[in-house]
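> Taken in sequence, the protein lines are chains A and B. Numbering follows my numbering, with no gaps: position 101 of the first sequence is 101. In my numbering, each number is its position in the second sequence, counted from 1, plus 102. Where is the CB? At the ideal position from N, CA and C, for every residue including glycine. Treat the numbers as computed from the prediction; the structure is a model and nothing was measured. Handing you this structure, nothing more for now.
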Amino acid sequence: MKLYLYLLVMAGVTYLIRVLPLAFFRKRITDPFLLGVLHYMPFAVLGTMTVPAIFTATGEPVSAVVGFLAALLLGLKRRSLVEVALAATAAAYVTSLVFGLL
Amino acid sequence: MEAYGYREGLRDGLPIGLGYLSVSFGFAIWAVKQGIPGLVLVLLSGTNLTSAGQVAGVTVMAAGGLLVELALTELVINLRYALMSVTLTQKLSPGFSLPKRMAAAFFITDEIFAVSSTRKGLLTFPYMMGLGCLPWIGWTLGTALGAFAGTLLPAALSAALGIAIYGMFMAILVPGALEERGVLLAVCASVGLGLILRYVPLFGFLSEGFVIILSAVFGACVAARLRPVPTGEGEA
Numbered sequence: 001m002k003l004y005l006y007l008l009v010m011a012g013v014t015y016l017i018r019v020l021p022l023a024f025f026r027k028r029i030t031d032p033f034l035l036g037v038l039h040y041m042p043f044a045v046l047g048t049m050t051v052p053a054i055f056t057a058t059g060e061p062v063s064a065v066v067g068f069l070a071a072l073l074l075g076l077k078r079r080s081l082v083e084v085a086l087a088a089t090a091a092a093y094v095t096s097l098v099f100g101l102l
Numbered sequence: 103m104e105a106y107g108y109r110e111g112l113r114d115g116l117p118i119g120l121g122y123l124s125v126s127f128g129f130a131i132w133a134v135k136q137g138i139p140g141l142v143l144v145l146l147s148g149t150n151l152t153s154a155g156q157v158a159g160v161t162v163m164a165a166g167g168l169l170v171e172l173a174l175t176e177l178v179i180n181l182r183y184a185l186m187s188v189t190l191t192q193k194l195s196p197g198f199s200l201p202k203r204m205a206a207a208f209f210i211t212d213e214i215f216a217v218s219s220t221r222k223g224l225l226t227f228p229y230m231m232g233l234g235c236l237p238w239i240g241w242t243l244g245t246a247l248g249a250f251a252g253t254l255l256p257a258a259l260s261a262a263l264g265i266a267i268y269g270m271f272m273a274i275l276v277p278g279a280l281e282e283r284g285v286l287l288a289v290c291a292s293v294g295l296g297l298i299l300r301y302v303p304l305f306g307f308l309s310e311g312f313v314i315i316l317s318a319v320f321g322a323c324v325a326a327r328l329r330p331v332p333t334g335e336g337e338a
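Structure below.
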């Protein structure tokens, strides 16, 4: 089944990325540009995955925007991952309830 | 020079595990809606232990993307683990043999890296195993609960939980952008190119996986060129 092939590829690639350097790397990376690319990569990835997808994540734009704003606000306050995730969910949920009642 | 054991690892891993439990619950509810069976999701979480990579992977899976597209997506998204892995090699205790390195490598995530790399002293094998234990259980269990019990939730709540994983991403992005101009630059450049590639009809042939790869590499390169990281530390 194709889904299990996908699964195998994902697990394999992800593990190899983690294990190869830890098992075999013996020196330091010094190229500044390469260091920079590796440093910024996670943020660039998360950015393009979050926007615009977050605005359609609840299936309806109003609650998604409110959830996004809640996450932005708590993110600015440097709250923990869990707090921000739950606050975005709660804000989206309450908003959808309010609009459902209207 | 201090060394830490399994017990200390478990303790440090508890808050990470609790966090993973709630986030993977939301991930599973979202992923089930993309049409992926619950059993596949549990196996996925148990073998991958990564949030962004799994969200992107499910996106490619749901779209019936190519295997090479999936592999490249995972490579680009999880490339940061290679850097973390390199960083951790500098801190391993002398008893860290090759098989032990191969076991510990499985548990490298953003949060586990953050905790272990900022621990004073050398990292022992028991400590790393203890540290990885509860986050792995939390991530896999949360996925199972979300996949199989998520449908018991009211529709409005389950819809709202779809935003949980993106909320977690925001919790990493916003403080990062606040602290470093380069991070803000990387995010803006990446999001900008991503929007162009997604909405300009000319690029309609690009699948979501390749959009993520292209825009992320672009954003990271722009930031690395304009805002070089101070040499000596490349912590991600």
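CA-CA distance, PRO117 (chain B) and SER309 (chain B)?
Position 15 of the second sequence, counting from 1, holds the residue named residue 117 (chain B). Position 207 of the second sequence, counting from 1, holds the residue named residue 309 (chain B). Straight across, the Cα-Cα distance linking PRO117 (chain B) with SER309 (chain B) is about 36 Å.
> Any idea which residues DSSP pairs LEU194 (chain B) with across the strands?
On the second sequence, residue 194 (chain B) is found 92 positions in, with the first residue counted as 1. DSSP output for LEU194 (chain B) lists B:LEU225 as bridge partner(s).
> Would you mind working out which of A:LEU16, A:ARG79, A:GLY36 sits nearest GLU282 (chain B), comparing C-alpha positions?
Sequence index remark: in the second sequence, residue 282 (chain B) carries index 180 (1-based). Closest by C-alpha distance to GLU282 (chain B), out of A:LEU16, A:ARG79, A:GLY36, is A:GLY36.
> Could you check what DSSP says for PRO139 (chain B) in three-state terms: helix, strand or coil?
As a first step, residue 139 (chain B) must be located in the second sequence, where it is residue number 37. It is coil, neither helix nor strand.
> What's the C-alpha gap between PHE24 (chain A) and LEU286 (chain B)?
Position 24 of the first sequence, counted from the start, is the residue given in the question as residue 24 (chain A). Position 184 of the second sequence, counted from the start, is the residue given in the question as residue 286 (chain B). For PHE24 (chain A) and LEU286 (chain B), the distance between alpha carbons rounds to 33 Å.
> Would you mind working out which of B:ASP114, B:LEU236, B:LEU190, B:ALA288 sits nearest ILE29 (chain A), comparing C-alpha positions?
Within the first sequence, the letter at position 29 stands for residue 29 (chain A). When only C-alpha atoms are compared, the closest one is B:LEU190.
> Tell me whether ILE298 (chain B) is buried or exposed, calling it buried when 16 or more other Cβ atoms sit within 10 Å of its Cβ.
Stepping through the second sequence from its first residue, residue 298 (chain B) is reached at position 196. By the neighbour-count rule (16 or more Cβ atoms within 10 Å), ILE298 (chain B) is not buried but exposed.
> My guess is that ALA87 (chain A) and ALA288 (chain B) are in contact by the Cβ rule of under 8 Å, so how many angstroms apart are they, rounded?
For the purposes of this step, residue 87 (chain A) is identified with residue 87 of the first sequence, where counting begins at 1. For the purposes of this step, residue 288 (chain B) is identified with residue 186 of the second sequence, where counting begins at 1. Between ALA288 (chain B) and ALA87 (chain A) the Cβ distance is about 25 Å, and since that is not below 8 Å, they are no contact.
> Alpha carbon to alpha carbon, what distance is there between ALA322 (chain B) and LEU233 (chain B)?
Residue numbering aside, residue 233 (chain B) sits at position 131 when the second sequence is read from its first letter. Residue numbering aside, residue 322 (chain B) sits at position 220 when the second sequence is read from its first letter. The alpha-carbon of LEU233 (chain B) is positioned some 30 Å away from that of ALA322 (chain B).
> Taking the alpha helix (DSSP H) that PRO42 (chain A) falls in, what are its first and last residues?
Here residue 42 (chain A) refers to the residue found at position 42 of the first sequence. Looking at the DSSP string, the run of the alpha helix (DSSP H) that includes PRO42 (chain A) is 32 to 50.
> Are the Cβ atoms of PHE320 (chain B) and THR245 (chain B) separated by less than 8 Å?
Taking the first residue of the second sequence as 1, we reach residue 320 (chain B) at position 218. Taking the first residue of the second sequence as 1, we reach residue 245 (chain B) at position 143. Their beta carbons are not under 8 Å apart, which means PHE320 (chain B) does not touch THR245 (chain B) by this criterion.
> Whole angstroms is fine: what's the gap from GLU335 (chain B)'s alpha carbon to SER292 (chain B)'s?
Along the second sequence, one-based indexing puts residue 335 (chain B) at 233. Along the second sequence, one-based indexing puts residue 292 (chain B) at 190. Only weak support is given to the placement of GLU335 (chain B): the predicted model assigns it a pLDDT of 48, under 50, and the question is left unresolved by the model.
> Mapping the DSSP letters down to three states, classify GLY128 (chain B) as helix, strand or coil.
Walking along the second sequence from the start, residue 128 (chain B) turns up at place 26. Three-state DSSP puts GLY128 (chain B) in a helix.
> Contact between the region 56 to 67 of chain A and the region 252 to 262 of chain B is defined here as three or more beta-carbon pairs at a separation below 8 Å; is this criterion met?
With the cut-off at 8 Å, the region 56 to 67 of chain A and the region 252 to 262 of chain B touch.
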